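Trainee:
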Ligand code: C5P
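Written out as structure tokens, the structure is:
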């Protein structure tokens with residue numbers, strides 16, 4: 078990373094599936110006027126392309142080629158890939174599961190690192206994922222790790238999917254989220270874990286505005302040196 082990149086403030090938000098990272102990241106980015114990086118979308122794109130083209134989710138060499146060849150176009154909330162608008166497709170539960178499998182491969186993670194770091198632009202970046210504070214932006218000014226009980230997370234994801242008109246089954250969701258947690262936290266490379274210097278927030282009984290308020294107070298104190306908020 079160049080010295081000028083390190084002068085651009087970054088807020089990292091890590092945590093397990095459906096813990097509220099996306100909502101918090103969007104709220105913080107809007108309030109601070111920062112750019113937003115949803116890093117999971119890169120793993121979802123690789124997972125989706127593998128499912129589409131029948132590439133086994135263990136074929137690391139081919140998956141690395143898919144990752145290197147990604148040419149997404151972001152247009153507000155819309156994500157375009159290979160000439161198709163894939164935002165809704167990428168949110169499907171089976172794509173999330175495929176994403177978590179390809180994300181366990183070191184070569185795939187390495188291939189996606191540069192694209193994620195390129196998102197660091199003035200006036201600042203809010204980045205959400207699993208390894209934002211530990212691997213991708215270890216020098217971030219403000220790190221947050223959010224958790225919530227698995228039942229609460231399954232209920233939230235169920236609501237989100239239904240609202241988006243996507244199929245959802247709460248029993249399957251509970252099982253898939255549990256499996257994804259175990260895979261994301263148990264992998265050898267960049268496992269899901271809190272950076273030692275992260276603020277931990279348990280969102281099980283908190284609503285989104287309460288989480289945002291807590292995070293904002295913390296971030297504002299940490300971002301003082303950057304004079305951006
Ligand atoms: O956050 P989201 O559910 O979209 O992420 C999909 C999957 O991508 C996660 O389950 C995780 O395995 C992987 N991921 C990751 N590192 C990130 C972001 C996502 O390993 N920084």
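Residue numbers (our numbering): 78 to 306. Even for Gly, the Cβ is constructed at its ideal location relative to N, Cα and C. Since the structure is predicted, the reported quantities are computational estimates derived from the model, not experimental observations.
Tell me the start and end of each unbroken alpha helix (DSSP H) in the segment 117-188 that is at least 4 residues and wholly inside, in chain order.
Mentor: Here the runs fully enclosed are 117-130, 137-145, 164-167, 170-179.
Trainee: Can you give me the start and stop residues for the beta strand (DSSP E) that residue 289 sits inside?
Mentor: Element bounds for residue 289: not the beta strand (DSSP E) but the alpha helix (DSSP H), 285-299.
Trainee: Distance, Cα to Cα, residue 78 vs residue 180?
Mentor: Unreliable positioning characterises residue 78 in this predicted model, as indicated by a pLDDT of 48, which lies under 50. A coordinate reading is not provided.
Trainee: So residue 224 is in the alpha helix (DSSP H); what residue range does that whole segment cover?
Mentor: From DSSP, residue 224 is part of no alpha helix (DSSP H) but of the beta strand (DSSP E) over 219-224.
Trainee: With DSSP as the reference, identify every bridge partner of residue 190, one or two as the case may be.
Mentor: None, per the DSSP bridge assignment.
Trainee: Measuring straight from C-alpha to C-alpha, what distance separates residue 261 and residue 177?
Mentor: Using only the alpha carbons, I get a separation of about 7 Å.
Trainee: Could you confirm whether any beta carbon from chain D is found closer than 8 Å to the beta carbon of residue 197?
Mentor: The question asks about chain D, but that chain is absent: this structure has only one protein chain.
Trainee: Starting from residue 204, follow its DSSP beta bridges and name the residues at the other end.
Mentor: DSSP lists 89, 114 as partners of residue 204.
Trainee: From the DSSP output, in three-state form, read off residue 265 for me.
Mentor: Coil at residue 265, not helix or strand.
Trainee: May I ask you to verify whether the segment 267-286 touches the segment 216-223, counting CB pairs closer than 8 Å and requiring at least 3?
Mentor: The segment 267-286, when compared against the segment 216-223, does touch it at the 8 Å Cβ threshold.
Trainee: Give me the DSSP bridge partner(s) of residue 278.
Mentor: Answer is 223.
Trainee: Can you look up residue 216 in the DSSP assignment and give me helix, strand or coil?
Mentor: Coil at residue 216, not helix or strand.
Trainee: Whole angstroms is fine: what's the gap from residue 283's alpha carbon to residue 92's?
Mentor: If you take the alpha carbons of residue 283 and residue 92, they lie about 15 Å apart.
Trainee: Going straight from the alpha carbon of residue 107 to that of residue 183, what length do you get?
Mentor: Cα to Cα, residue 107 sits roughly 33 Å from residue 183.
Trainee: Should residue 294 be labelled buried (16 or more other beta-carbon atoms within 10 Å of its own) or exposed?
Mentor: With fewer than 16 other Cβ atoms within 10 Å, it is exposed.
Trainee: Looking at residue 189 and residue 144, is the spacing between their C-beta atoms short of 8 Å?
Mentor: Yes, these two residues count as a Cβ contact at 8 Å.
Trainee: For residue 196, I'd like the list of residues in its chain whose CB is within less than 8 Å of its CB, leaving aside the five on either flank, ordered along the chain.
Mentor: Here the set comprises 112, 114, 202, 204.
Trainee: Please classify residue 116 as buried or exposed, where buried requires at least 16 other C-beta atoms within 10 Å of its C-beta.
Mentor: Buried, by the Cβ-count rule.
Trainee: Helix, strand or coil for residue 106? Go by DSSP, reduced to three states.
Mentor: In this structure, residue 106 counts as helix in the three-state DSSP scheme.
Trainee: What is the DSSP secondary structure of residue 81, reduced to helix, strand or coil?
Mentor: Residue 81 falls in the helix class under three-state DSSP.
Trainee: Taking the CB atoms as reference points, tell me whether residue 211 and residue 287 lie closer together than 8 Å.
Mentor: Not in contact: residue 211 and residue 287 (Cβ atoms no closer than 8 Å).
Trainee: Per the contact definition of three or more C-beta pairs closer than 8 Å, is the segment 118-128 in contact with the segment 166-177?
Mentor: Judged by Cβ distances under 8 Å, the segment 166-177 makes contact with the segment 118-128, as three or more pairs qualify.
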